[in-house]
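Structure first, commentary second.
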Amino acid sequence: MRNCLRRAHAWPALFGLVLSGCSALGSVGADTFTLEGELPTDFALRAQAHYGGSEDCSGRGHVETFKKEYDKAPHGYQFEIPVSYRNGLCELQLVRVGLFIYGRYGEKDWQQTYDNGELLIVPKTSIQEYANLPGRPDSINAVCSWLFQESKLNLEISKILNCRGVGARLIKEQLQEQAITLSFTVNPKEQPYRDNTWIEFPGGWKPCLPKEGWQQCQDPPVFKTFRNNDQECTIYPNCTE
């Protein structure tokens, strides 16, 4: 579940609470579930729970945000997410949880990016529909990969985060006081963001000059240097052969 639009964000602007048309708002008793798991080094997570009302309360909504920030070591997180909220006479139901996975690959402000996913909350509307839905997963395991490229803006190597398996469809009636485990691992092998723009050798990846009017390598390839970490390099990730 990948958003085709990927960009670095200013960290302080990431987290906020969005509230529309709500007053005297509060979660309903013990009607919550736990979202928990493990994050790799230099990863962070934001979960954004979206609530909506019935037809009589269609103008009411609520967004609740949960976050776990970066750490220099692998670290766990645990969010207690309400399944419903009371807003006056309206009971708002959880409809989805947006997931934003942030990765940091350097100390500079621009050396962080994100990918996203989603947990969809579906009701048990009928026995037949319920029978056709998968059961609540014991755990969800997402794998994140780093895709590298030459950054024209920063004149260095920049990276894009691609996380697969970040999502599930959950039955609302199975959630109350339950725990859903969502953990992340990092693929140790980085890949180029665009195919046929770098060529792999035993010692790493070499960038090549493109064909005229194209992004792909010439044939036969003509290799070039690139800059990374303020150095002139011939191969990635080791810089020199």
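Residues in the sequence shown are numbered consecutively from 204, following the numbering used here.
The beta-carbon is built from N, C-alpha and C at its ideal position, and this holds for glycine as well.
Notebook entry, point to check: My guess is that THR268 and ARG249 are in contact by the Cβ rule of under 8 Å, so how many angstroms apart are they, rounded?
Noted result: 7 Å
Next item on the list: Return the CA-CA distance between PRO413 and TRP349, expressed in angstroms with no decimal places.
Entry: 22 Å
Note to self: If distances are taken between C-alpha atoms only, which option among THR388, LYS327, THR400, LYS375 comes closest to GLU353?
What the structure shows: THR400
Check: Where does GLU310 sit, in a helix, a strand or coil, going by DSSP?
Finding: coil
Item checked: Entirely enclosed alpha helix (DSSP H) segments - the region 245-297, minimum 4 residues -> none
Check: What residue from ALA345, ILE383, ASP245 has the CA that sits closest to ARG307's CA?
Finding: ASP245
Notebook entry, point to check: Considering only residues of the same chain and omitting the five flanking positions on each side of TYR280, which have a CB-CB separation below 7 Å?
Noted result: GLU239, GLY240, LEU242, LEU248, LYS271
Check: If you follow the beta strand (DSSP E) that PHE429 is part of, which residue opens it and which one closes it?
Finding: 429-431
Notebook entry, point to check: For TYR396, which beta-bridge partners are listed by DSSP?
Noted result: Answer is none; TYR396 lacks a bridge partner.
Margin query: Excluding the 5 residues flanking CYS225 on each side, which residues of the same chain have their C-beta closer than 6 Å to its C-beta?
Written below: Summary for CYS225: the model assigns pLDDT 36, below 50, so the residue's position carries little reliability, and this model does not support an answer.
Next item on the list: Using a Cβ-Cβ cut-off of 8 Å, state whether LYS409 counts as contacting chain C.
Entry: The displayed structure is made up of one protein chain only, and chain C is not part of it.
Check: Are the region 414-433 and the region 369-387 in contact at 8 Å, needing three or more beta carbon pairs?
Finding: no
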